[in-house]
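Down below is the structure, laid out as structure tokens.
Numbering (this note's numbering), first residue to last: 18 to 279.
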């Protein structure tokens, strides 16, 4: 675990196979190697800037094996990076963005520095805290984020007032907003105080400030919001600002939850 940004070492990065193995579409391989989005990589191919085994390839459907085929972009060989998986405890006040003109501390600043493109899984707003996954496994990140795959995220929420059973039921049935319908998969009352309560809320979709907006609809302001799990991955003993490398078993469990091969 660690709090400060540092250069990668084999120990801090963990030992995982490359992001891609076996045959894949050329644009997917280029994207995994850090050449931008698949659309951008398709443009590179169509422009004749990509060579496979000494021949220029312009067919978008071409499949290659990055471990067996020699792939060049503008005459330089590509390199498929090893997979990186970090569990991170985002503190309140840290932003989930790659660039911040205001110079605020970013989640990406909490993990070891690397030249590869990293993805956030489970963005949290400025005033929320808790578990995030940071990885260069774009396919896993997309599946864990997209509501179609139904990977749940669990939150512990301190609210003003004590929501009654009717409110808890409505949170599960759905709250209609102008741009979407917010639904909790599960809501559980953990603690009741005189003027506040602690709820555990499970969501399978993630809209901006969703939980805060849902509870505000019923007059319950959120005092504190912390994500404690993403699918089978839990926050565990991490403290605010800390990170740790996922174990192979945790990576396998996440990929299984997202419908991918271990």
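We put the CB at the ideal spot given by N, CA and C, even for glycine.
Contact between the region 226-246 and the region 123-130: three or more CB pairs below 8 Å?
no
Residue(s) in a DSSP beta bridge with residue 136
152
Using the Cβ count rule (16 or more neighbours within 10 Å means buried), how would you classify residue 240?
exposed
Given residue 60 as reference, the closest of 70, 169, 69 and 43 once Cα atoms are compared:
43
Residue 175: first and last residue of the uninterrupted beta strand (DSSP E) it sits in
170-177
Residue 127, enclosing alpha helix (DSSP H) - first and last residue
Run containing residue 127: none; DSSP gives neither H nor E here.
Hey, how far is the Cα of residue 231 from the Cα of residue 178?
14 Å
So is residue 237 buried or exposed if we call it buried at 16+ other beta carbons inside 10 Å?
buried
Taking one C-beta from the region 73-82 and one from the region 41-56 each time, how about it: are there three or more such pairs within less than 8 Å?
yes
Stretch-stretch touch, CB-based, cutoff 8 Å, three pairs: the region 241-256 with the region 165-175
yes
Nearest-angstrom Cα separation, counted from residue 110 out to residue 199
25 Å
Please say whether residue 220 and residue 233 have beta carbons closer to each other than 8 Å?
no
With 16 other CB atoms within 10 Å as the buried threshold, where does residue 100 fall?
buried
What are the complete alpha helix (DSSP H) segments, minimum 4 residues, inside the region 193-236?
227-234
Between which two residues does the beta strand (DSSP E) holding residue 261 run?
260-262
Assign residue 73 to buried or exposed, taking buried as 16 or more other Cβ atoms, counted over all protein chains shown, within 10 Å of its Cβ.
exposed
Counting only beta-carbon atoms, is residue 97 nearer than 8 Å to chain D?
In the displayed structure, chain D is absent; only one protein chain is listed.
Status (buried if at least 16 other CB within 10 Å, exposed otherwise) for residue 145
buried
Is residue 263 closer than 8 Å to residue 102 when the C-beta atoms are compared?
yes
Can you tell me the Cα-Cα spacing of residue 206 and residue 148, whole angstroms?
21 Å
Which term fits residue 152, buried or exposed, when burial requires 16 or more other beta carbons within 10 angstroms of its beta carbon?
buried
Distance, Cα to Cα, residue 273 vs residue 182?
34 Å
Write down every uninterrupted run of the alpha helix (DSSP H) in the region 89-119 whose length is 4 residues or greater and which is fully enclosed by it, in chain order.
none
Helix, strand or coil at residue 158 [DSSP, three-state]
helix
Span of the beta strand (DSSP E) around residue 239
239-247
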